[in-house]
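Colleague: So that we are looking at the same thing, I have put the structure below in structure tokens.
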Amino acid sequence: MKKKFFGRVLSVLILTTMVVSMLTACGGKSDGGSEDASSSDSQTLTLIMSQRDEWLSEMEEAAIKEAKDLGIKLTTVDAQLDTSKMLQFIETARNDGQKAIIINMVDPETAVQCVEAAGDMFVVFVNRYPADDSVLNEKVVYVGSDENTSGKFQGEWLAEHFKEEGKTEIKYILLNGILGQTSTTLRTASVLKALEDSGIKASEATAPLACEYAREMAQDTIAPLLKTTKYDCVISNNDGMALGAIEAMTAEGIDATTIPIVGIDATTDGRQAVKDGTLSMTVFQNAKGQGRGALIAAQNLIAGKAINDGSDYEVDESGNILWIPFEPVTKENVAEYDNR
Numbered sequence: 648m649k650k651k652f653f654g655r656v657l658s659v660l661i662l663t664t665m666v667v668s669m670l671t672a673c674g675g676k677s678d679g680g681s682e683d684a685s686s687s688d689s690q691t692l693t694l695i696m697s698q699r700d701e702w703l704s705e706m707e708e709a710a711i712k713e714a715k716d717l718g719i720k721l722t723t724v725d726a727q728l729d730t731s732k733m734l735q736f737i738e739t740a741r742n743d744g745q746k747a748i749i750i751n752m753v754d755p756e757t758a759v760q761c762v763e764a765a766g767d768m769f770v771v772f773v774n775r776y777p778a779d780d781s782v783l784n785e786k787v788v789y790v791g792s793d794e795n796t797s798g799k800f801q802g803e804w805l806a807e808h809f810k811e812e813g814k815t816e817i818k819y820i821l822l823n824g825i826l827g828q829t830s831t832t833l834r835t836a837s838v839l840k841a842l843e844d845s846g847i848k849a850s851e852a853t854a855p856l857a858c859e860y861a862r863e864m865a866q867d868t869i870a871p872l873l874k875t876t877k878y879d880c881v882i883s884n885n886d887g888m889a890l891g892a893i894e895a896m897t898a899e900g901i902d903a904t905t906i907p908i909v910g911i912d913a914t915t916d917g918r919q920a921v922k923d924g925t926l927s928m929t930v931f932q933n934a935k936g937q938g939r940g941a942l943i944a945a946q947n948l949i950a951g952k953a954i955n956d957g958s959d960y961e962v963d964e965s966g967n968i969l970w971i972p973f974e975p976v977t978k979e980n981v982a983e984y985d986n987r
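Numbering-wise (the working numbering), the sequence shown opens with residue 648 and increments by one.
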């Protein structure tokens, strides 16, 4: 009797266990499981950095912080100025099933290759404008700042400065970034145009110095020229190279506060130099804005929305470029940019 009773109980327990297991298994393949996978895919992005200099590192940090706020799982990788690595990172993201990729290109001439490597993914180019902008369309967009305005702000400040000194003709030393990059070309052209438009005849004190946006390279390159060349100012395509020039002057016993030196980016060190008076002015390139803008654009592309949806950023008439404005920074307003 007891054996029969316990046998029935055991049979019920086994049956119950089997039913629960079956229900659980069905639940694991339910729509809820599919939604989780879909949500994970749409919220997973990769940001490919061309390198990690001071300004780009600020942009990367801002993007990481913004990703947390937006609920995006963001991976950042450094191509270390190697185009082949950059393309490999793009292909890895595509093979992982990601829906969009954010690319800070090593070389803007490779935009077409980047788009081809991305396949069906949406592409957001950030900070470095494609050399061939015909790649931009409803699936491939650009987030950055209009480089024509960066040099314009430098030129306008220099023109005002020299006019106050009664000068209409000047000689300049130009510190170039990476030759061939859109940012280098446009920053250089726009500062010289702004000087000309303001009635200043500006000529080269030396041939432009290609310093690849690197502080130490600028310091080493300009040092031999400081006491052997006649010049009225130093124009730099970024803050890092301007700071290198300041350090070279200090090493040569030259007071950098007596010579107009202008930069671009308004980095942490650049802003401090403006406060100290060694850097005459810089131009704020919004690292946080570009990092945030790139993420918003990617998220909106995936959702089928306008790339500036949910932000106050402007787009161009095509709708494929999201502009983050440049702003001039001088000793009078530099404190306003410490927390931006």
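Note that CB positions come from ideal geometry on N, CA and C, so glycine has one too.
As an exercise, report each continuous beta strand (DSSP E) stretch of at least 3 residues that is fully enclosed by the region 763-823, in chain order.
Modeller: Within the region 763-823, the complete beta strand (DSSP E) runs of at least 3 residues are 769-773, 787-791, 816-823.
Colleague: Kindly list the residues whose CB is nearer than 6 angstroms to the CB of Glu914, restricted to its own chain and excluding five residues on each side of it in sequence; keep chain order.
Modeller: According to the sequence displayed, residue 914 carries Thr and not Glu. These residues qualify, in order along the chain: Glu701, Trp702, Asp886.
Colleague: Using C-beta distances below 7 angstroms, list every residue in its chain close to Gly766, excluding the 5 sequence neighbours before and after it, in chain order.
Modeller: Within the same chain, Gly766 has close Cβ partners Arg741.
Colleague: Quick check on Ala726: does DSSP put it in helix, strand or coil?
Modeller: Reduced to three states, the DSSP call for Ala726 is coil.
Colleague: If you count every other CB in all the chains shown that lies within 10 Å of the CB of Thr671, and 16 or more means buried, which is it?
Modeller: Summary for Thr671: the model assigns pLDDT 35, below 50, so the residue's position carries little reliability; its value from the coordinates is reported in the next sentence. Counting Cβ neighbours within 10 Å, Thr671 comes out exposed, since fewer than 16 surround it.
Colleague: Let me check understanding here. Comparing Cα to Cα, which of Glu794, Lys874, Asp912, Arg862 lies closest to Ile901?
Modeller: Closest by alpha carbon: Lys874.
Colleague: Given a cut-off of 8 angstroms on the beta-carbon distance, is the pair Ala747 and Val782 in contact?
Modeller: Against a cut-off of 8 angstroms, the Cβ pair of Val782 and Ala747 comes out as no contact.
Colleague: Note the first and the last residue of the continuous alpha helix (DSSP H) segment covering Thr832.
Modeller: Start and end: 829-844.
Colleague: As a quick exercise: from Lys786, Asp743, Glu785, Gly791, pick the residue whose alpha carbon is nearest that of Met752.
Modeller: With distances taken between Cα atoms, Met752 lies closest to Gly791.
Colleague: Does the distance from the CB of Val930 to the CB of Glu974 come in under 8 angstroms?
Modeller: Contact flag set, yes.
Colleague: Please list, in chain order, all residues of the same chain as Ala982 whose beta carbon is under 7 angstroms from its beta carbon, the five residues on each side excluded.
Modeller: Excluding sequence neighbours, Ala982 sits near nothing in its chain.
Colleague: Short check: CB of Leu721 to CB of Ala710, under 8 angstroms?
Modeller: Yes, the Cβ-Cβ distance between Leu721 and Ala710 is below 8 angstroms.
Colleague: Please report the distance separating the alpha-carbon of Ala836 from that of Lys814.
Modeller: Straight-line Cα distance between these residues: approximately 21 angstroms.
Colleague: Going straight from the alpha carbon of Asn784 to that of Leu839, what length do you get?
Modeller: C-alpha separation (whole angstroms): 32 angstroms.
Colleague: Under DSSP, the beta strand (DSSP E) around Ile749 begins and ends at which residues?
Modeller: Residues 747-750.
Colleague: With DSSP as the reference, label Val753 as helix, strand or coil.
Modeller: Three-state DSSP puts Val753 in coil, outside helix and strand.
Colleague: Give me the Cβ distance between Thr897 and Met928, rounded to the nearest whole Å; I'm assuming they're in contact under 8 angstroms.
Modeller: At roughly 19 angstroms, the Cβ-Cβ gap does not stay under 8 angstroms, so Thr897 and Met928 are not in contact.
Colleague: Restricting to Cα atoms, I'd like to know which of Ala849, Ser797, Asp867 is closest to Asp879.
Modeller: Of the listed residues, the one whose Cα sits closest to Asp879 is Ala849.
Colleague: Quick one: Cα of Thr730 to Cα of Glu812, how far?
Modeller: Distance between the alpha carbons of Thr730 and Glu812: 47 angstroms.
Colleague: The alpha helix (DSSP H) that contains Glu708, what's its start and end?
Modeller: Looking at the DSSP string, the run of the alpha helix (DSSP H) that includes Glu708 is 701-717.
Colleague: Mind checking whether Ile971 and Tyr984 have CB atoms under 8 angstroms apart?
Modeller: Not closer than 8 angstroms, so no.
Colleague: Taking the alpha carbon of Gly827 as the point to measure from, which residue in Leu842, Tyr860, Ile847 has its own alpha carbon closest?
Modeller: Closest option to Gly827, Cα to Cα, is Tyr860.
Colleague: Run the CB neighbour count on Gly940, radius 10 Å, all protein chains shown included, and call it buried at 16 or more, exposed below.
Modeller: Answer is buried; the Cβ neighbour count reaches 16.
Colleague: Note down, in chain order, each residue of its chain lying with its Cβ closer than 6 angstroms to the Cβ of Gly680, except the 5 sequence neighbours on either side.
Modeller: At Gly680 the pLDDT is 31, less than 50, meaning the model places this residue with poor confidence and gives no usable figure here.
Colleague: Nearest to Phe772 by alpha carbon, out of Glu964, Ala945, Gly957?
Modeller: The option with the nearest alpha carbon to Phe772 is Ala945.
Colleague: Between which two residues does the alpha helix (DSSP H) containing Thr875 stretch?
Modeller: Note, Thr875: premise wrong, no alpha helix (DSSP H); not H, not E.
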